[in-house]
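In our numbering, the protein residues as written are 93 to 420.
The structure is reproduced here in structure tokens:
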């Protein structure tokens, strides 16, 4: 037991000596820690400065990127890009940007003018349809007015609309304002075709005063002469023929004016066409002549009337031939 006590005492003495030695070294250890602390502070300051410089470089890079994008977007050229990178947006880029802004303002002004022109042109088209002559004359004088507008089934042409509705004074006003007399509207109709299809003789006569008018142009409905014949508009047919329209002109179904008149039981028109020399032997759709067209219609309805038209076509003798036969 005593031996164990001695060992414990010796261990205590050794521990005390070690503790004393540590106490003596404490000032030296504190000095080292202070030095490390100072160096750490300097290191932290350096790190903060480096971080700050990094952030500044990032901002500068971002400015350059924004300048790059702005130049590409506004100017769209690599030459301008070289002038932009450096200290941000240079004088050259500013000059070009200002020029672009000026051009942009001019483009916006042109766009606004175009919108105004479209609005005025739509108003003109509505005035034409209602026959508002005063409004048509006022709008026709506006700079940039358009007499033709794009529509779902083709162009909406003011002159075609006026002719279709029989507004003679409006037709005259539009022609005086410079509207194209052969402008093609919806369903490929011109003003002449539309007026002839609806039997507006006064409008047809006004249009025929213009030497450059297209007489035999076809449309979705057919040429003017075929439509007038089919509608039984005798005076319109005479006016077109007097102006030089082709008497044997056909529509897309290979139907002539004589066939159209026969199909429509327009006896007077048939007689006028025969008198003017319409060809009775022309074959249309399915190889049918004007006579056969009339007879086939007689199988469906009004056989007596259609057969009378067919006989009229078959038995017609031109005046020249009749005189020649009489002399013989």
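Even glycine gets a Cβ: it sits at the ideal position worked out from N, Cα and C.
Nearest to residue i (by Cα), restricted to the options the options
{"i": "residue 403", "options": "376, 264 and 384", "result": "384"}
{"i": "residue 224", "options": "193, 211 and 258", "result": "258"}
{"i": "residue 262", "options": "312, 276 and 299", "result": "299"}
{"i": "residue 343", "options": "328, 309 and 364", "result": "309"}
{"i": "residue 235", "options": "366, 192, 210 and 256", "result": "210"}
{"i": "residue 289", "options": "276, 264, 317 and 270", "result": "317"}
{"i": "residue 375", "options": "215, 295 and 350", "result": "350"}
{"i": "residue 284", "options": "231, 401 and 304", "result": "304"}
{"i": "residue 273", "options": "329, 256 and 306", "result": "306"}
{"i": "residue 400", "options": "366, 365, 354 and 379", "result": "354"}
{"i": "residue 360", "options": "397, 346, 140 and 391", "result": "397"}
{"i": "residue 324", "options": "232, 337, 292 and 218", "result": "292"}
{"i": "residue 268", "options": "230, 320 and 192", "result": "230"}
{"i": "residue 409", "options": "388, 370, 392 and 380", "result": "370"}
{"i": "residue 335", "options": "144, 137, 301 and 377", "result": "301"}
{"i": "residue 320", "options": "260, 362 and 394", "result": "362"}
{"i": "residue 378", "options": "190, 394 and 345", "result": "345"}
Other residues of its chain near residue i: CB distance less than 6 Å, five sequence neighbours each side excluded
{"i": "residue 253", "result": "220 and 221"}
{"i": "residue 405", "result": "372, 382 and 383"}
{"i": "residue 280", "result": "311 and 312"}
{"i": "residue 314", "result": "343"}
{"i": "residue 322", "result": "352 and 356"}
{"i": "residue 348", "result": "340, 342 and 374"}
{"i": "residue 239", "result": "250 and 271"}
{"i": "residue 287", "result": "255, 295 and 296"}
{"i": "residue 407", "result": "none"}
{"i": "residue 366", "result": "408"}
{"i": "residue 386", "result": "354, 398, 401 and 402"}
{"i": "residue 388", "result": "none"}
Residues near residue i in its chain [Cβ-Cβ closer than 7 Å; skip 5 each side]
{"i": "residue 333", "result": "339 and 368"}
{"i": "residue 364", "result": "326, 329 and 330"}
{"i": "residue 195", "result": "none"}
{"i": "residue 212", "result": "231, 234 and 237"}
{"i": "residue 265", "result": "225, 228, 229 and 232"}
{"i": "residue 260", "result": "294, 295 and 298"}
Chain C within 7 Å of residue i, Cβ atoms only
{"i": "residue 320", "result": "The displayed structure is made up of one protein chain only, and chain C is not part of it."}
For residue i, the first and last residue of its enclosing alpha helix (DSSP H)
{"i": "residue 395", "result": "395-407"}
{"i": "residue 385", "result": "382-390"}
{"i": "residue 265", "result": "260-268"}
{"i": "residue 275", "result": "Run containing residue 275: none; DSSP gives neither H nor E here."}
{"i": "residue 285", "result": "283-289"}
{"i": "residue 369", "result": "Here residue 369 belongs to no alpha helix (DSSP H), and DSSP marks it neither H nor E."}
{"i": "residue 373", "result": "No alpha helix (DSSP H) contains residue 373, which DSSP labels as neither H nor E."}
{"i": "residue 298", "result": "293-299"}
{"i": "residue 350", "result": "349-355"}
Integer Cβ distance of residue i from residue j, believed to fall under 8 Å
{"i": "residue 216", "j": "residue 228", "result": "6 Å"}
{"i": "residue 247", "j": "residue 276", "result": "7 Å"}
Close beta carbons around residue i, own chain, < 8 Å, minus the five adjacent residues each side
{"i": "residue 95", "result": "Any answer about residue 95 is weak, because its pLDDT of 48 lies below 50 and its placement is not dependable; what the coordinates show is given next. Nothing meets the Cβ criterion."}
**OP:** Starting from the N-terminal side, write out each stretch of the alpha helix (DSSP H) that is 4 residues or longer and does not extend beyond the region 302-347.
**Re:** 316-323 and 326-334
Subject >> Any beta strand (DSSP E) of 3 or more consecutive residues that is wholly inside the region 224-251 >> reply: 240-243 and 246-249
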